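Student: Quick one: the structure is below, and I'll ask about it shortly.
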Amino acid sequence: MHSIFKRFREPIFVIALLAVPFSIFFVKAKKGRELSGLDRAVIFVIAPVEKTITLAAFGVIDAWNGYIGLRNVREENVLLRREALKARQLEQQSAELRLENERLRHLLDFVDKQGEGRVMIARVVAVGASPHSHTLRIARGADDGVVKGAPVIAPDGVVGIVSQLTGSYADVQLIVSPLSALPAISQRTRSRSTVKGTGDISRCKLTYALRTDDLQEGDLLITAGGPGFFPQGLPVGRVVKVEKKPHGLFLDADVIPAVDFSRLDEVGVVVGFPSTLMPPAAGASQANARPGGEP
Amino acid sequence: MKLRIVLVLLVAAGLAILESVIPHLLHLKAARPDLLLIVVLYLALRDDVVQGAALSAAAGYLSDLTSATPAFLYTFLAVLTFVVVRTAGSALRTEGGVQSAAVAFGASLGHSLVAALVFGSFTGAGFHLELSPLLWSAFGTAAAAPAVFAILRRLDAGFLHGEEAPGGMR
């Protein structure tokens, strides 16, 4: 027996390495992901490094904009250069501060307008490692009161939901993920539909929109709200490529997300909203969304 | 050899961090290279079976942690990619930058297709295949492959002086 194992050691090992992950994936494929101790330990090590690199890189960029970019001015008269440098530095710093101030105020104004729940500002520190993943990592976690399934929003609209989290960090599953689906209504016609992720970061699919609905290109879709979903009235995206087939109940259309996910530095996590009280399989629940709000 | 395993794991962890930070910093939407897939390719073509498969699983696990997909999807896919590339290994050459880029491009396409198929079939999300991001990702992976291969080759070169090369050196 031992000699057989020794002889077929390699194929047995490889088959086991294929079978074990696949079995776990197969069993848990339709459930929300729960982080194991090992998962938490690895994220505990990796996430601070990601955060440090991100903050350091932004610091370097700021320094470049604020100081190094002005070095060419030094070729001018020394006194004038010094004066100009000081003035420019101050101007750059104040401009940077003003922009940051405006951005944060914009976010806070937006936060104040959210009636239900409390919105917590979170810095984006990384994106999903795989090109096929549609996640953001934010520097807020369970220790800050974030829970799995919590809606994540930006001033421009809906971002996604918290799919997994550790004490200090959380991963946000974007609405463009194929696992994501959220009920929406057209702001103009009030017709209901579901916006489903396609895996393409710049496009979602509109499903369950009735063929008889007067949906037109450019129509703004907003969240429909309801228990277990995003707060009502948040921009989701704009309808494009409306195709009404001669038969069938529903029309086909694409949705361009309201948020540019590649340019998010800060997001808001809705804490205390009813959806954040959902069980761990929140992603699956949102994914099974149907028009009308029933999960 | 244990030191090499640790170093390969550290390289994989470093690449995972780069993979998640660089697109954020550069605001990349497309052309995101799958750096950990390149590590798996390197291992499949140059490591011995047991060690290479185990390290590939570890690289896949790192992808898993930030993908928000059901657990162990990318771990399984990494080992599967290792097996397929290992099986086809005799037909693949990666000495030059262009060759490694070509292999990475093909592997990225295949990996993405199988990932979409497995993901769609078992999660109930349905089969979604977007050609444009798939191609951009494959181009990004191909562009990054020579650099990642060079890093791993340099790492292995340090071990060649002291001991036998890892199995299957080509």
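Chains as they are written, first to last, in my numbering: chain A, 1 to 295; chain B, 1001 to 1170.
From the three backbone atoms N, C-alpha and C, an ideal C-beta is built for every residue, glycine too.
Here the structure is a predicted model, which is why all the values come from computation and not from measurement.
Along the segment 1020-1031 of chain B, what residues have a CB closer than 7 Å to any CB found in chain A?
Tutor: Correct list: Ser1020, Val1021, Pro1023, His1024, Leu1025, His1027, Leu1028, Lys1029.
Student: Please check if any C-beta of chain A sits within less than 9 Å of the C-beta of B:Gly1060.
Tutor: Cβ-Cβ to chain A under 9 Å: yes for B:Gly1060.
Student: Would you please verify whether the beta carbon of A:Ala139 is less than 9 Å from any beta carbon of chain B?
Tutor: Judged by the 9 Å Cβ criterion, A:Ala139 is not in contact with chain B.
Student: Locate the alpha helix (DSSP H) running through A:Thr223, then write down its first and last residues.
Tutor: Here A:Thr223 belongs to no alpha helix (DSSP H); instead the beta strand (DSSP E) covers 220-223.
Student: In the DSSP assignment, find the unbroken beta strand (DSSP E) run with A:Arg192 in it and report its ends.
Tutor: 192-197 is the extent of the beta strand (DSSP E) around A:Arg192.
Student: Given that A:Ala57 touches chain B, what residues does it touch there, using C-beta distances under 8 Å?
Tutor: Here the neighbours are Val1021, Leu1025.
Student: Look at the alpha carbon of B:Tyr1042 and the alpha carbon of B:Ile1017, and state the distance between them as a whole number of angstroms.
Tutor: Cα-Cα distance, rounded: 19 Å.
Student: If you drop the 5 nearest sequence neighbours on each side, which residues of the same chain put their C-beta closer than 8 Å to that of B:Glu1164?
Tutor: Any reading at B:Glu1164 must be qualified, since the residue scores a pLDDT of 48, below 50, and its modelled position is unreliable; the value itself is stated next. Nothing meets the Cβ criterion.
Student: Give a yes or no on whether the minimum CB-CB distance between A:Pro295 and chain B is below 9 Å.
Tutor: Its pLDDT being 30, under 50, A:Pro295 is placed unreliably in this model, and the value from its coordinates should be taken loosely. No, because no Cβ of chain B sits closer than 9 Å to the Cβ of A:Pro295.
Student: I need the boundaries of the alpha helix (DSSP H) containing A:Thr135, first residue and last residue.
Tutor: Segment 135-138 is the beta strand (DSSP E) holding A:Thr135; no alpha helix (DSSP H) there.
Student: Which first and last residues belong to the beta strand (DSSP E) in which A:Arg9 is found?
Tutor: Where A:Arg9 is concerned, there is no enclosing beta strand (DSSP E), although the alpha helix (DSSP H) it sits in stretches over 9-28.
Student: In the DSSP assignment, what residue or residues form a beta bridge with A:Ala122?
Tutor: According to DSSP, A:Ala122 bridges with A:Val267.
Student: Does the beta carbon of A:Pro21 sit closer than 9 Å to a beta carbon anywhere in chain B?
Tutor: Yes - at least one Cβ of chain B is within 9 Å of the one on A:Pro21.
Student: At a cut-off of 8 Å, is A:Ser193 close to the ligand ATP when judged by its beta-carbon and the heavy atoms of the ligand?
Tutor: Among the components of this structure there are no ligands whatsoever, and the ligand ATP is therefore not found.
Student: Using the rule of at least 16 other Cβ atoms within 10 Å of the residue's Cβ for burial, across every protein chain shown, is A:Gly305 buried or exposed?
Tutor: Because chain A here runs from 1 to 295, residue 305 of chain A falls outside it and cannot be looked at.
Student: With three or more beta-carbon pairs closer than 8 Å as the criterion, would you say the segment 224-242 of chain A touches the segment 191-211 of chain A?
Tutor: The segment 224-242 of chain A, when compared against the segment 191-211 of chain A, does touch it at the 8 Å Cβ threshold.
Student: Relative to the alpha-carbon of B:Leu1077, which residue among B:Ser1020, B:Leu1036, B:Asp1047 has its alpha-carbon at the smallest distance?
Tutor: The residue with the shortest Cα to Cα distance from B:Leu1077 is B:Leu1036.
Student: Could you give the first and the last residue of the continuous alpha helix (DSSP H) run that contains B:Leu1109?
Tutor: Looking at the DSSP string, the run of the alpha helix (DSSP H) that includes B:Leu1109 is 1097-1123.
Student: Among all the DSSP beta bridges, which residues are the ones paired with A:Thr207?
Tutor: According to DSSP, A:Thr207 bridges with A:Thr194.
Student: Just grab the DSSP bridge partners of A:Glu243 for me.
Tutor: DSSP output for A:Glu243 lists A:Asp252 as bridge partner(s).
Student: Just reading off the beta strand (DSSP E) that A:Ser186 is part of, what are its end residues?
Tutor: Residues 181-186.
Student: Going straight from the alpha carbon of A:Val56 to that of A:Phe261, what length do you get?
Tutor: First, the residue type needs correcting, since residue 56 of chain A is Ala and not Val in the sequence shown. Cα to Cα, A:Ala56 sits roughly 21 Å from A:Phe261.
Student: Compute the distance between the beta-carbons of A:Val124 and A:Leu136, then report whether it is under 9 Å.
Tutor: Yes, the pair counts as a contact, with Cβ atoms nearer than the cut-off.
Student: Could you tell me the boundaries of the beta strand (DSSP E) in which B:Gln1051 lies?
Tutor: Taken as a continuous stretch (DSSP letters only), B:Gln1051 belongs to no beta strand (DSSP E), being part of the alpha helix (DSSP H) at 1049-1065.
Student: For B:Phe1127, which residues from the same chain have a beta carbon less than 8 Å from its beta carbon, with the 5 sequence-adjacent residues on both sides left out?
Tutor: Result list for B:Phe1127: Ala1116, Leu1117, Gly1120, Ser1121, in chain order.
Student: Distance, Cα to Cα, A:Phe25 vs B:Ser1100?
Tutor: So the two alpha carbons sit approximately 31 Å from each other.
Student: How many Å lie between B:Leu1080 and A:Val60 at the Cα?
Tutor: When rounded, the distance between both Cα atoms is 40 Å.
Student: So is A:Gly283 buried or exposed if we call it buried at 16+ other beta carbons inside 10 Å?
Tutor: Model confidence at A:Gly283 stands at a pLDDT of 40, short of 50, so the residue's coordinates are unreliable; what they give is reported in the following sentence. Flag for A:Gly283 reads buried.
Student: Using a Cβ cut-off of 9 Å (strictly closer), state whether B:Val1118 contacts chain A.
Tutor: For B:Val1118, the answer is yes, since a Cβ of chain A falls inside 9 Å of its Cβ.
Student: Select from the segment 176-188 of chain A all residues with a C-beta closer than 8 Å to any C-beta belonging to chain B, and list them in chain order.
Tutor: Those would be Ser177, Pro178, Leu179, in chain order.
Student: On the criterion of 16 or more Cβ atoms from any shown chain inside 10 Å, does A:Ala287 qualify as buried, or is it exposed?
Tutor: For A:Ala287, the pLDDT reaches just 39, beneath the cut-off of 50, and the residue's location in the model is therefore unreliable, leaving the point undetermined.
Student: DSSP three-state label for A:Leu174, please.
Tutor: It is a strand residue.
Student: Is A:Ser163 near B:Ala1068, with beta carbons less than 9 Å apart?
Tutor: Yes. Within cutoff.
Student: Let me confirm a value: A:Thr276 is counted as buried when at least 16 other C-beta atoms fall within 10 Å, else exposed. Which label applies?
Tutor: Because A:Thr276 carries a pLDDT of 45, less than 50, the predicted location of this residue cannot be relied on, and no value is offered for it.
Student: Since A:Arg33 meets chain B, which of its residues come closer than 8 Å, beta carbon to beta carbon?
Tutor: Neighbours of A:Arg33 on chain B, chain order: Ala1068, Thr1069, Pro1070, Ala1071.
Student: Closer than 9 Å, CB to CB, is B:Ala1016 near chain A or not?
Tutor: True, the Cβ-Cβ gap to chain A drops below 9 Å.
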